[in-house]
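Shown next, in structure tokens, is the structure this report addresses.
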Amino acid sequence: MNPADEERRIVDTLVKQLSKLPSFTKNTGALQKVDDALAQSQKVKNLEQNLMSKLSQNQLAQKNFGQYIDEKWTVDVLKTKLKITKDMAPTSKEYEAFTALLQTRMYVDTLMKVKNPATRTNGETMLAKINENPFAQKYFGQFMDDTLTQAALRTELGITRATSTSSKQYEALILLMQARAWNTMLSKTKGSSLKDNLLGRVEGNPIAQKFFKEFVDEKWSIPTLQSKLGITKGMAPDTTKYEALTGLVQTRMYINGVAKAKTPTMKKTTETLLTKIDENEFAQKYFGQFVDGSLTTAGLRSKLKLTSSTSKDLKESQAFILLIQARALSKTLV
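So for the sequence shown, the working numbering puts the first residue at 655; every next one is plus one.
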């Protein structure tokens, strides 16, 4: 894969994370929406570009980006995957990849998890300042993974009692202490609710918006919805039309199986299934094609590249089971 294609892949993955925000309701580019809605300064506007540039320039970061974001690796898992050792220099490619990946996820989590606009802006501004401070940037990885204690960081920065509080080194110390606390807070904060994610997909898709009321109120069948959306045989699963079908079917399942559930068991079963699908990129990708019958069970196995030796713990294997359950349940929640 050439650098341009790799950068596009990274951008697409980041956009998918950002698109989970329920506030994404207009049909414009996801990153531009972030700028328009959230960025209050040029520093914050430049942050996205800086992060994308660093990701695209580091092959290790590129290699691990998708899994790191989707599977929500911990700091320790990320260190292991990048093969970071105790005595590794902070300027190594491994630590540069660690820094780029962790900062990107902190940025995405800040947008997705922090509800208070002022608090969210503080987090964005802090990350932007770290990106502009060479000392904070250099020691970010080692401080965030606990290789450097606060005392050791002071030593590396050359901070003494005589150091000016307006110096770049002192600013780096404060920023990194804030970043560590901020990352801890983010790790303990739940993201957008399932309801917000589902409604966000419908509101963010003009075609889904157009047919939402009729699909729910008139209890359209899946073939009827497929026809109304203009979905044809062989259409790719990531088209706007299939994204509309996926959003509509999942939202109706939520309305009838969770919000209007007739029993606590039905509510728990439906919510658990939809949550697992929401968190599994393979289940999400092929949901529409499998639910509308375009993909047979054998066809789904082929798309997921499942064999008799495939581990049941893989996301692909889990997606297969989830989609079989979803197709059966979707027929009852009309």
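Using N, Cα and C, we set each Cβ at its ideal position, and we do this for glycine too.
For residue i, the nearest candidate out of the options (CA to CA)
i	options	result
GLN832	SER875, LEU781 and ASN859	LEU781
ASN787	ARG955, VAL945 and LYS822	LYS822
LYS842	ASP871, ALA754, GLN863 and THR764	THR764
ARG759	LYS717, LEU830, LEU705 and PHE866	LEU705
TYR761	ASN785, THR739 and THR734	ASN785
ASN859	ARG815, THR917, TYR896 and GLN804	TYR896
LEU732	THR753, ASP741 and THR745	THR753
VAL729	ARG774, SER746 and GLN796	GLN796
LEU614	THR893, ASP799 and LYS922	Limits of the chain in this structure are 655 at one end and 988 at the other, which puts residue 614 out of reach.
ARG834	LEU807, ASP850 and THR964	LEU807
Sub-7 angstroms separation of residue i and residue j beta-carbons
i	j	result
ALA715	ALA743	no
ALA937	LEU987	no
PRO891	GLN972	no
VAL912	GLU925	yes
ALA952	ALA898	no
LEU811	LEU830	no
LEU927	GLN880	no
LEU701	TYR722	no
LEU852	TYR908	yes
PHE865	VAL856	no
ASP724	GLU872	no
LYS737	ASN718	no
PHE974	LEU949	no
Three-way DSSP call (helix, strand, coil) for residue i in this model
i	result
GLY953	helix
TRP836	helix
MET766	helix
LYS921	helix
ASN934	coil
THR779	helix
MET798	helix
GLY854	helix
GLY888	coil
ASN787	coil
ALA805	helix
ILE738	coil
GLU725	coil
PRO877	helix
ASP689	Model confidence at ASP689 stands at a pLDDT of 46, short of 50, so the residue's coordinates are unreliable; what they give is reported in the following sentence. In this structure, ASP689 counts as helix in the three-state DSSP scheme.
ILE861	helix
ALA982	helix
GLY812	coil
LEU675	Here LEU675 scores only 41 on pLDDT, less than 50, and its place in the model should not be relied on; the value that follows carries that caveat. Reduced to three states, the DSSP call for LEU675 is coil.
LYS895	helix
Outcome for residue i when other beta-carbon atoms lying within 10 angstroms are tallied against a minimum of 16
i	result
LYS708	buried
SER984	buried
ASN712	buried
GLU748	buried
THR819	exposed
GLU825	buried
GLU970	buried
ARG981	buried
GLU778	buried
SER710	buried
GLN804	exposed
GLN757	buried
GLY854	buried
Q) Do the region 890-904 and the region 921-939 meet, that is, are 3 or more Cβ pairs less than 8 angstroms apart? A) yes
Q: Evaluate the contact criterion for the region 791-798 versus the region 762-772: three or more CB pairs, one atom per stretch, below 8 angstroms.
A: no
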